[in-house]
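Trainee:
2 protein chains.
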Amino acid sequence: MERLEVRELVYFTAVAEELHFGRAAARLGMAQPPLSRAIQQLERRLGVALLERGSRRVALTEAGAVLLRESRTVLDAASAAARRTRRAGRADPRLVLAIKPGGDGGLLPAILDAYQAEPGALPVELMCSFGEREVLLREGRADAALLHRPHHDLTGLDTQDLLTETQLLVMPSSHRLAGRTRVCLNDLAGEPLPRWPGASEGGAHGPEIHDLGQLLHLIALRRMVAVLPSSIRGQLRDDLVAVPVDDAEPTTLVLAWPEHATSPALAAFVRAAAAVAGKVTGHGG
Amino acid sequence: MERLEVRELVYFTAVAEELHFGRAAARLGMAQPPLSRAIQQLERRLGVALLERGSRRVALTEAGAVLLRESRTVLDAASAAARRTRRAGRADPRLVLAIKPGGDGGLLPAILDAYQAEPGALPVELMCSFGEREVLLREGRADAALLHRPHHDLTGLDTQDLLTETQLLVMPSSHRLAGRTRVCLNDLAGEPLPRWPGASEGGAHGPEIHDLGQLLHLIALRRMVAVLPSSIRGQLRDDLVAVPVDDAEPTTLVLAWPEHATSPALAAFVRAAAAVAGKVTGHGG
DNA sequence: TCTTTCCATACCCGCACGGTATCGCTGCGC
DNA sequence: GCGCAGCGATACCGTGCGGGTATGGAAAGA
Numbered sequence: 000m001e002r003l004e005v006r007e008l009v010y011f012t013a014v015a016e017e018l019h020f021g022r023a024a025a026r027l028g029m030a031q032p033p034l035s036r037a038i039q040q041l042e043r044r045l046g047v048a049l050l051e052r053g054s055r056r057v058a059l060t061e062a063g064a065v066l067l068r069e070s071r072t073v074l075d076a077a078s079a080a081a082r083r084t085r086r087a088g089r090a091d092p093r094l095v096l097a098i099k100p101g102g103d104g105g106l107l108p109a110i111l112d113a114y115q116a117e118p119g120a121l122p123v124e125l126m127c128s129f130g131e132r133e134v135l136l137r138e139g140r141a142d143a144a145l146l147h148r149p150h151h152d153l154t155g156l157d158t159q160d161l162l163t164e165t166q167l168l169v170m171p172s173s174h175r176l177a178g179r180t181r182v183c184l185n186d187l188a189g190e191p192l193p194r195w196p197g198a199s200e201g202g203a204h205g206p207e208i209h210d211l212g213q214l215l216h217l218i219a220l221r222r223m224v225a226v227l228p229s230s231i232r233g234q235l236r237d238d239l240v241a242v243p244v245d246d247a248e249p250t251t252l253v254l255a256w257p258e259h260a261t262s263p264a265l266a267a268f269v270r271a272a273a274a275v276a277g278k279v280t281g282h283g284g
Numbered sequence: 000m001e002r003l004e005v006r007e008l009v010y011f012t013a014v015a016e017e018l019h020f021g022r023a024a025a026r027l028g029m030a031q032p033p034l035s036r037a038i039q040q041l042e043r044r045l046g047v048a049l050l051e052r053g054s055r056r057v058a059l060t061e062a063g064a065v066l067l068r069e070s071r072t073v074l075d076a077a078s079a080a081a082r083r084t085r086r087a088g089r090a091d092p093r094l095v096l097a098i099k100p101g102g103d104g105g106l107l108p109a110i111l112d113a114y115q116a117e118p119g120a121l122p123v124e125l126m127c128s129f130g131e132r133e134v135l136l137r138e139g140r141a142d143a144a145l146l147h148r149p150h151h152d153l154t155g156l157d158t159q160d161l162l163t164e165t166q167l168l169v170m171p172s173s174h175r176l177a178g179r180t181r182v183c184l185n186d187l188a189g190e191p192l193p194r195w196p197g198a199s200e201g202g203a204h205g206p207e208i209h210d211l212g213q214l215l216h217l218i219a220l221r222r223m224v225a226v227l228p229s230s231i232r233g234q235l236r237d238d239l240v241a242v243p244v245d246d247a248e249p250t251t252l253v254l255a256w257p258e259h260a261t262s263p264a265l266a267a268f269v270r271a272a273a274a275v276a277g278k279v280t281g282h283g284g
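As you go down the protein sequences, you meet chains C and X in turn.
Numbering-wise (numbering that gives the first Met the number 0), the first sequence opens with residue 0 and increments by one.
Numbering-wise (numbering that gives the first Met the number 0), the second sequence opens with residue 0 and increments by one.
This is the structure in structure tokens:
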């Protein structure tokens, strides 16, 4: 079985994305002819046509589309491998936890304390990032992340549930719904909702949200409202009110890490987090 | 950022598994010196020591252990990519479904019929394999597989639940428990249980099971008993009896496929299977 | 038909990969 | 304690392949 090389996958990905050999070659910092040859050779070795070379346009074949998707996972895995190996070899081992400021449900201090009490606990480095935390995990930049189910895509990650919360509508006190004791999703028709980085949903406009303070500020300025987990209550400004959204799916705070991770430090952290979560929800350690 | 090449990962994996440069080189069909150099170069580029060269022994460093695990996922992804691409490019497109004979809960005929009624349905090729079906999926040899939760490790796979069943203890009619109307797991202490391929649990002895007929035969011969999903009832021989195991976790038959799969043929198959499963369990389509 | 565009082909070069020979260290046996 | 054997590292060399430049050739637009 002929071996598939990373270099070939990088080349193919460039061409498949650009659908143009010249531009792809430029992007790769090389000349066009060797790129053409590399792709031909790849096709020969796979015994499959990957591209349809029309006179004036290049298109992906069915097999090419498959390889493009597969290539991305291979390349992601490869760079994650490099990063994780490098981090494992660092002289100062640390556990990198990706969090969203304000998105920890108030559990984080207790979890960190519990973890530091574990034998062999490493220093924990917090990586604050409002969006893209799952990407940090998949890229091997972080060891674990606090995410929300079902908001985040958790495929390929192992998880530990920490806290399930109902959701609140957060709005300025002058908002038309501010007097209600409860709302439902239908009440929100036409309301401007925040645009989260990474999620390119239609219907949401305005600036991307990168920071909780920014979001609350924009809400106070009546530029938008937001549906947030109820643990947000402790961080609200005076000029904002929050009421339960009856039919919003409950959101679960989960600790997530790359599947197959074996580091004992991570295992200890998961144990600590599970213990803290168990106490909060009353199930005991 | 220096790029990590597949060839280097293959080399490193060989050395890390053999813990011996000479044997690794032999396994790779090459001489030892270039292998040594390649590993050194890999370490230099990563800036990390991967192996501890003792005078007489080679050992993995912490980072080396990480890279070994990561390498395996990268190499698996790469060969799966090649296989999936090749299969997508075949002139005769088919959908390959990995099944275990007798492990379909009786749903398979209906699912196949329902699928063939879908527009654009492909011929379905059944790949019978008693164990290792999940590996077939991960290796890209099959498009989908019928698996059992929680028996199989489903991380990295997307799934559709089909059928949840209680489990039965299957034994010869002369067995000491054959008269019982129900048993619990404690009753099975000391009973010889089948050794499934792939699962190397302690406590189970005797030949590996590769085939349902073989298993039932061995049970009839009083060589072992087995805990199986209740849909097995229809396939029992006269000389075997089955009684419910009260505290055995229910087992769910799931249709599983590689995450990120986008093939419309697979999507149609999942739809068909879900519809059939919905009818059986009474939830409607 | 002439031009432009863009991929393929032809040809050349340098390097890095792989091979052989050998060194150097270390642990073991006599 | 000396020699030997095992094993990884180093030295050196040849060649195949990855990449570059120049050019061909087909097709679409003017």
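Built from N, CA and C at the ideal position, the CB exists for glycine as well.
1) Count the other CB atoms within 10 Å of the CB of C/GLU1; is the residue buried (16 or more) or exposed (fewer)?
2) Applying the criterion that 16 or more other CB atoms from any shown protein chain within 10 Å of the CB defines a buried residue, is C/GLU249 buried or exposed?
3) Using only the alpha-carbon positions, how far apart do X/ILE98 and X/LEU252 sit?
4) Just mark C/ALA76 as buried or exposed, buried being the case when its beta carbon has 16 or more other beta carbons within 10 Å.
5) Less than 6 Å between C-beta atoms, sequence neighbours within five positions excluded: which residues of the same chain meet that for C/ARG93?
6) Specify the secondary structure class of C/ALA188 as computed by DSSP and reduced to three states.
7) Which residues, taken in chain order from the segment 137 to 157 of chain C, show a beta carbon closer than 7 Å to some beta carbon of chain X?
8) Quickly, what does DSSP pair X/ASP157 with across the bridge? List them, please.
9) Would DSSP call X/HIS174 helix, strand or coil?
10) What span of residues does the beta strand (DSSP E) with C/ARG52 cover, start to end?
11) Using a Cβ-Cβ cutoff of 8 Å, what residues of the segment 66 to 79 of chain X are near chain C? List them in chain order.
12) Taking a Cβ distance cut-off of 8 Å, strictly less, list which residues of the segment 119 to 135 of chain X are near chain C, in chain order.
13) Using only the alpha-carbon positions, how far apart do C/ASP186 and X/ALA225 sit?
14) Given that C/VAL5 touches chain X, what residues does it touch there, using C-beta distances under 7 Å?
15) How about C/VAL275: is its C-beta nearer than 7 Å to some C-beta of chain X?
16) Suppose only complete runs of 3+ residues qualify. What are the beta strand (DSSP E) ranges in the segment 205 to 230 of chain C, listed by chain order?
17) If we ignore side chains and look at the alpha-carbon of each, how far apart do X/GLU51 and C/MET223 end up?
18) Would you mind giving the Cβ-Cβ distance between X/ALA276 and X/LEU161, rounded to the nearest angstrom? I have them listed as a contact below 8 Å.
19) Candidates C/ALA58, C/GLU4, C/LEU235 and C/LEU18: which alpha carbon is nearest C/ALA219's?
20) Out of X/GLY88, X/PRO171 and X/ILE110, which one is the CA nearest neighbour of C/GLY46?
21) Mind checking which residues open and close the beta strand (DSSP E) that includes X/GLU124?
22) Give the DSSP bridge partners of X/GLU164, in chain order.
23) Quick one: which chain X residues come within Cβ less than 9 Å of C/ARG85?
24) Just by C-beta distance, which residues in the segment 11 to 36 of chain C are closer than 7 Å to chain X?
25) Just how far apart, CA to CA, sit X/SER199 and X/TRP256?
26) From the DSSP output, in three-state form, read off C/ALA203 for me.
Mentor: Walking through what the data contain:
1) exposed
2) The amino acid occupying residue 249 of chain C in the given sequence is Pro; Glu does not appear at that position. Exposed.
3) 11 Å
4) buried
5) LEU121, PRO122 and GLU124
6) coil
7) THR154, GLY155 and ASP157
8) X/TRP256
9) coil
10) 50 to 52
11) LEU66, ARG68, GLU69, SER70, THR72, VAL73, ALA76, ALA77, SER78 and ALA79
12) none
13) 56 Å
14) ARG2, LEU3, GLU4 and VAL5
15) no
16) 225 to 228
17) 58 Å
18) 4 Å
19) C/LEU235
20) X/GLY88
21) 123 to 127
22) X/THR250
23) LEU45, GLY46, VAL47 and ALA62
24) none
25) Low per-residue confidence applies at X/SER199: pLDDT is 48, beneath 50, and the placement is therefore not dependable enough to give any value.
26) Its pLDDT being 49, under 50, C/ALA203 is placed unreliably by the model, and nothing is read from it.
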